[in-house]
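Just below is one structure, and these are the notes that go with it.
2 protein chains.
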Amino acid sequence: MSRFTSHMALALDQARAAADRGEVPVGAVVVSPDGRVAAAAGNRTRELSDPTAHAEILAIREACRLAGSERLPGHDLWVTLEPCPMCAAAISAARIGRLYYGASDVRMGGVEHGARVFDHPQCHHRPQVYDGLGADQARALLRGFFQGRR
Amino acid sequence: MSRFTSHMALALDQARAAADRGEVPVGAVVVSPDGRVAAAAGNRTRELSDPTAHAEILAIREACRLAGSERLPGHDLWVTLEPCPMCAAAISAARIGRLYYGASDVRMGGVEHGARVFDHPQCHHRPQVYDGLGADQARALLRGFFQGRR
Numbered sequence: 000m001s002r003f004t005s006h007m008a009l010a011l012d013q014a015r016a017a018a019d020r021g022e023v024p025v026g027a028v029v030v031s032p033d034g035r036v037a038a039a040a041g042n043r044t045r046e047l048s049d050p051t052a053h054a055e056i057l058a059i060r061e062a063c064r065l066a067g068s069e070r071l072p073g074h075d076l077w078v079t080l081e082p083c084p085m086c087a088a089a090i091s092a093a094r095i096g097r098l099y100y101g102a103s104d105v106r107m108g109g110v111e112h113g114a115r116v117f118d119h120p121q122c123h124h125r126p127q128v129y130d131g132l133g134a135d136q137a138r139a140l141l142r143g144f145f146q147g148r149r
Numbered sequence: 000m001s002r003f004t005s006h007m008a009l010a011l012d013q014a015r016a017a018a019d020r021g022e023v024p025v026g027a028v029v030v031s032p033d034g035r036v037a038a039a040a041g042n043r044t045r046e047l048s049d050p051t052a053h054a055e056i057l058a059i060r061e062a063c064r065l066a067g068s069e070r071l072p073g074h075d076l077w078v079t080l081e082p083c084p085m086c087a088a089a090i091s092a093a094r095i096g097r098l099y100y101g102a103s104d105v106r107m108g109g110v111e112h113g114a115r116v117f118d119h120p121q122c123h124h125r126p127q128v129y130d131g132l133g134a135d136q137a138r139a140l141l142r143g144f145f146q147g148r149r
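Listed in order, the protein sequences are those of chains A and B.
Going by numbering that gives the first Met the number 0, 24 is the number at position 25 of the first sequence; the sequence numbering is gapless.
Going by numbering that gives the first Met the number 0, 40 is the number at position 41 of the second sequence; the sequence numbering is gapless.
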C-alpha cells in the first residue's frame with residue numbers, strides 16, 4: 000500500500016469509527032510535511048454537541064494544538080468527503096498545502112459545489128485540490144449509514 | 000439602551016477585549032429565544048493556536064455545549080463583522096434564527112461577499128440577516144488594531 004493510499008485508508012477507518020458512534024461517517028487525516036500523521040479524526044457533532052465538530056475541523060484543531068500554531072503550512076489534509084464551506088474555509092485559514100478528498104458532495108459540498116469557497120478573491124489561500132481518491136468506499140459508507148437510519 | 004442595542008454593545012465589548020489580547024477585534028454574542036445572553040466571545044485564534052477560534056465559532060460552541068445540543072433553533076447571533084465563510088456555514092449548521100452583524104467585510108466576508116454561503120442550494124438553513132448595526136464602531140476598532148500593528 001503506498002503512503003498516499005494508506006492516508007486515505009486511515010481517513011476511511013476514521014469514517015467507519017464515526018459511523019459506529021452514530022455519527023455521519025466522515026474521516027480526516029492531517030499529514031505533516033515529513034509525511035507523519037499529525038492528527039486523525041472522525042465526525043463527533045452529536046457526541047460533543049458541537050455543530051463545528053466535523054472530521055476536518057477536529058483534525059486541523061488537533062494538529063494546530065500540537066504544532067502550537069494556528070497555521071499548518073506544508074501540511075496535507077485527507078478527507079473521505081468533499082468538505083463543506085465551513086471546513087473548506089478552515090482548511091484555507093490553516094494554510095493547508097494540499098487537500099485530498101474522496102467522494103463529491105452534491106448536497107453539502109463547498110469546494111466544487113455551491114459556495115466554492117476557494118474560488119473567490121476573499122479566499123486568501125487556496126490549497127492544491129485532488130479529488131476522487133477512495134470515493135467508492137467513502138460513498139458506500141455514507142449510503143450504508145443513511146439507509147440504516149431510515 | 001434597547002435590548003437590541005445592548006446585544007451589539009456586548010459584542011463590541013468582546014471585540015475590544017480581543018484587541019487587548021492582541022487578537023483581531025471581532026466579538027460575537029448568542030442570544031437565546033427568551034432574550035438571555037447564552038454565550039459571548041471574541042477572537043482567540045492566536046491564544047488558542049486554533050484557526051477556527053473566531054468569535055462566532057467560540058460563541059456557538061459554548062452556547063451548544065450549555066444547551067447540550069448541536070443546534071440552536073430560535074437563537075440569534077450578534078457579531079461585529081460580516082462572518083467569513085467558515086462562520087457563516089457554522090451559523091447555518093447551528094440553525095441560528097437571526098444573524099445581526101456590524102461592518103461589512105469586503106476582504107474576508109462570506110455572507111454578502113465572495114462565497115455568499117447562504118445563497119446556494121447546498122445551504123440547508125438560511126438565517127434572517129440584518130447588517131450595519133454598530134458598523135462604525137466595529138470598523139473603527141478594526142482600523143485602530145491594524146494601524147497599530149504597522
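Glycine included, every Cβ here is placed at the ideal spot set by N, Cα and C.
Closest Cα partner of residue i within the set the options
i	options	result
B/His74	B/Ala38, B/Ala137, B/Asp118 and B/Arg142	B/Ala38
B/Glu81	B/Thr4, B/Glu61 and B/Pro24	B/Pro24
B/Gly108	B/Ala92, B/Glu22 and B/Cys86	B/Cys86
B/Ile56	B/Gly41, B/Leu65, B/Ser68 and B/Leu132	B/Gly41
B/Arg138	B/Ala58, B/Val105 and B/Arg70	B/Val105
A/Glu46	A/Gly21, A/Cys122 and A/Arg125	A/Gly21
A/Asp130	A/Pro120, A/Leu141 and A/Glu111	A/Glu111
A/Asp49	B/Arg35, B/Glu69, B/Ser48 and B/Pro32	B/Glu69
A/Ile59	A/Asp135, A/Ile95 and A/Thr79	A/Ile95
Delimiting residues of the alpha helix (DSSP H) encompassing residue i
i	result
A/Arg94	Where A/Arg94 is concerned, there is no enclosing alpha helix (DSSP H), given that its DSSP letter is neither H nor E.
Under the three-state DSSP convention, the category residue i falls into
i	result
B/Thr51	coil
B/Leu140	helix
B/Gly160	Nothing about residue 160 of chain B can be read from this structure; chain B reaches only from 0 to 149.
A/Ala114	coil
A/Gly41	strand
B/Gly150	Residue 150 of chain B falls outside the range modelled here, since chain B spans only 0 to 149, and no answer is possible.
B/Cys86	helix
A/Cys122	coil
B/Gly147	helix
B/Arg20	coil
A/Glu150	In the structure as shown, chain A starts at 0 and stops at 149, and residue 150 of chain A therefore has no counterpart that could be examined.
B/Arg106	coil
B/Arg70	coil
Residue i at chain A interface by Cβ criterion, 8 angstroms
i	result
B/Pro84	yes
B/Gly96	no
B/Glu69	yes
B/Met107	yes
B/Gly6	It is worth fixing the name first, because residue 6 of chain B is His in this sequence and not Gly. Answer no: the Cβ-Cβ gap between B/His6 and chain A never drops below 8 angstroms.
B/Ala89	yes
B/Val116	yes
B/Arg20	no
B/Ala92	yes
Proximity test, Cβ basis, 8 angstroms: residue i and chain B
i	result
A/Pro120	yes
A/His74	no
A/Arg60	yes
A/Ala102	no
Segment limits, beta strand (DSSP E) that includes residue i
i	result
B/Asp75	Asp75 to Leu80
A/Gly26	Gly26 to Val30
B/Asp130	Gln127 to Asp130
Practice item. Could you list the residues in the stretch 24–51 of chain A with a C-beta less than 7 angstroms from some C-beta on chain B, going in chain order? Key: Thr44, Arg45, Ser48, Asp49, Pro50 and Thr51
Exercise for review: Output, in sequence order along the chain, the residues in the stretch 123–142 of chain A whose CB is closer than 8 angstroms to any CB in chain B.
Suggested key: His123
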